[in-house]
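**Student:** Here it is, the structure in full.
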Amino acid sequence: MPLPEFLLRRLFVHDSFADGREGFSFALLNSLAPAHITGLTLAVDGAPVPARAVSLRFASQPERGAASVTASDPCPLPVGVAVTVFVRGVWLGRRRLTIRAVTREAGAIAFSIRPGQGSGCIERAQPHENSPAGTNQFTEQDWERIRRDWSTWWAGELERPLAVLVGLEAGDYSEILQNYPVELPARQVLAGQRGALLSAQCYGDAFPRWWPNFGPGVMAAFLGAGVHVAPETAWFTPAETASINGLNPAYDAGNPWWLRVQQFTRAAIELWGNEVAVGLTDLGGTLDVLASLRGTSRLLLDLHDSPADVERLTERLTGLWLRYFDELCALVQPSGRGVSGWGPCWAPGPHYMLQSDFAYMISPAMFERFVLPGLEACCAAIPYALYHLDGVGQIPHLDMLLSIRRLRGIQWVPGEGRPRSEEWLPLLKRIRDAGKLCYVDVSRAGALQITRALGRRGFLFRIDEHLEEDEVRPFLGLLAQTGPPGS
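If you count by my numbering, then the sequence shown holds residues 1 to 487, one letter each, in order.
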């Protein structure tokens, strides 16, 4: 069970906040029992602090970057020895700091503090219609509400937008699982994550969820690609450099990464099946997987030099993709908590956020030949499919995507350095005018701007700013009522 609040309060050293020209610092003191930190993340008013900006230092010892703290290389936390946490390039002022640490012994703990308050508190609330509920407080009535409202949204009949907000981001707890040794049992790893799940606060249309995160496009590892791991991500590289006409990926039931994904999925369902929607891993898109098997530069040349082989391989990979998808769905659906994936979406049946990030680099003609057929095949097999439209380089493909009759909707991601989603109203209007659902990450103000211009129906907003608990209900009420003038 999660640590009691009074114990969490004792971890923070009273009056230890210090602001400086480079950032701020504070101290933690373990007075309970020896522990090992396997992960440390911070957020200021809900905005994540980059791991590279955070470091830890014990007395008379050199600083250690928080990004280097992993399950395989933990940071010891002895009793009675204070650790100073330095945050550079970020200034706290009077804002709220959320500290989330994962320990080998007690699992995940999360609490928030403000300068001058001197203590931390774990945030929990009583469940109520569209108000926050912790995972351990999510009732059958809450799950029935999720089923009712999400199913109505998928049908295009919900009169309001869906709004997903998750306190402490713990409801999307999904660290890179390759950080754990493969010989470590999945149940043992997941036992340490229960605390984070229990401390999650689900607001609006959010729901308790977890998915086995083995990096974007892990299907490449199922087919023999090399696996490379960093504290916050994983990536895949070709295992061999043979010519493309000699590449023949095949299903391997004994592949260790495929077995590991299944082990974690089964273990999560056994441990939390009635409390949490256990989602599908990030399989990736077929061209993305092929890029991992061939190398991105070589695949770009293959599109010109060996298009028939690329066509052959994308067709083959689509069949393999659907086999992996079907087998994972067969694992999660019996739990009765719907189907979800790496995104914050719930569906009453098979669902996936389809993608082809590689498509950013190719022409519409190449998209039509090498990507579109696979997407059409997936949409024919998946009744609740969305597409992850990531970046302005994919906009030329939008009309083809909108022509896929069984594609339910589009997630629009403008990309780093681009205007926020609410500044793309003509593009969002194209999506909605085509009869497709539309999912975007926005602020509160951005969500209201979109509904004033385009109406409430058919939108899913993941609110990416922190809201205090007493701000949630007024915002959700306003969002449900805001629409174009005269509506």
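Where a beta carbon is used, it is the ideal one built from N, C-alpha and C, also for glycine.
Output the residue ranges of the alpha helix (DSSP H) runs that lie fully inside the region 306 to 382 and measure 4 residues or longer, sorted by chain position.
**Tutor:** 307 to 332, 364 to 370 and 372 to 381
**Student:** Could you tell me whether the Cβ atoms of THR237 and LEU331 are closer together than 8 Å?
**Tutor:** no
**Student:** Could you tell me how far apart the beta carbons of TYR203 and LEU165 are, in whole angstroms, since I believe they sit closer than 8 Å?
**Tutor:** Sure, about 4 Å apart at Cβ, within 8 Å.
**Student:** At the level of alpha carbons, what is the spacing between LEU303 and VAL310?
**Tutor:** 7 Å
**Student:** Is ARG124 helix, strand or coil when you go by DSSP?
**Tutor:** Residue placement at ARG124 cannot be trusted, given a pLDDT of 31 that sits under 50; what the coordinates show is reported in the next sentence. Of the three classes helix, strand and coil, the one that applies to ARG124 here is coil, per DSSP.
**Student:** Between which residues of its own chain and LEU11 is the CB-CB distance below 6 Å, once the five residues before and five after are set aside?
**Tutor:** LEU28
**Student:** For LEU287, tell me which candidate among ASN255, PRO373 and ALA67 has the shortest Cα-Cα distance.
**Tutor:** PRO373
**Student:** What residues in its chain sit with their C-beta under 6 Å from that of GLU22, if we drop five residues either side in the sequence?
**Tutor:** ARG88
**Student:** Per DSSP, which residues does VAL472 bridge with? Please list them.
**Tutor:** Looking at the DSSP assignment, VAL472 forms no beta bridge with any residue, so it has no partner.
**Student:** Taking PHE475 as the reference, which of PRO485, ALA447, ARG457 and LEU460 has the closest Cα?
**Tutor:** The residue with the shortest Cα to Cα distance from PHE475 is ALA447.
**Student:** Figure out for me which residue from PRO485, LYS436 and HIS466 has the closest Cα to the Cα of THR451.
**Tutor:** The alpha carbon of THR451 has as its nearest neighbour, out of PRO485, LYS436 and HIS466, the alpha carbon of PRO485.
**Student:** If you follow the alpha helix (DSSP H) that ALA447 is part of, which residue opens it and which one closes it?
**Tutor:** Bounds of the alpha helix (DSSP H) holding ALA447 are 444 to 454.
**Student:** Using a threshold of 8 Å, state whether the C-beta atoms of LEU407 and LEU401 are closer than that.
**Tutor:** With contacts defined as CB atoms closer than 8 Å, LEU407 and LEU401 qualify as a contacting pair.
**Student:** I'd like the list of long-range same chain contacts for GLN355, defined as Cβ closer than 6 Å, with 5 residues on each side in sequence excluded.
**Tutor:** GLY285 and HIS388
**Student:** For the alpha helix (DSSP H) containing ALA291, name the first residue and the last one.
**Tutor:** 286 to 294
**Student:** Name the residue from VAL83, ALA51 and VAL49 whose alpha carbon lies nearest to the alpha carbon of PHE58.
**Tutor:** VAL83
**Student:** Which residue's Cα is closest to the Cα of ILE109: THR38, THR318, ILE463 and GLY217?
**Tutor:** Of THR38, THR318, ILE463 and GLY217, the residue nearest in Cα terms is THR38.
**Student:** Of all the options TRP424, CYS345, ASN30 and GLN481, which has the alpha carbon lying nearest to the alpha carbon of ALA277?
**Tutor:** CYS345
**Student:** Given this structure, state the Cα-to-Cα distance separating GLY417 from ALA53, to the nearest angstrom.
**Tutor:** 20 Å
**Student:** Excluding the 5 residues flanking GLY224 on each side, which residues of the same chain have their C-beta closer than 7 Å to its C-beta?
**Tutor:** The beta carbon of GLY224 sits closer than 7 Å to those of ALA239, all from its chain and outside the five residues before and after it, given in chain order.
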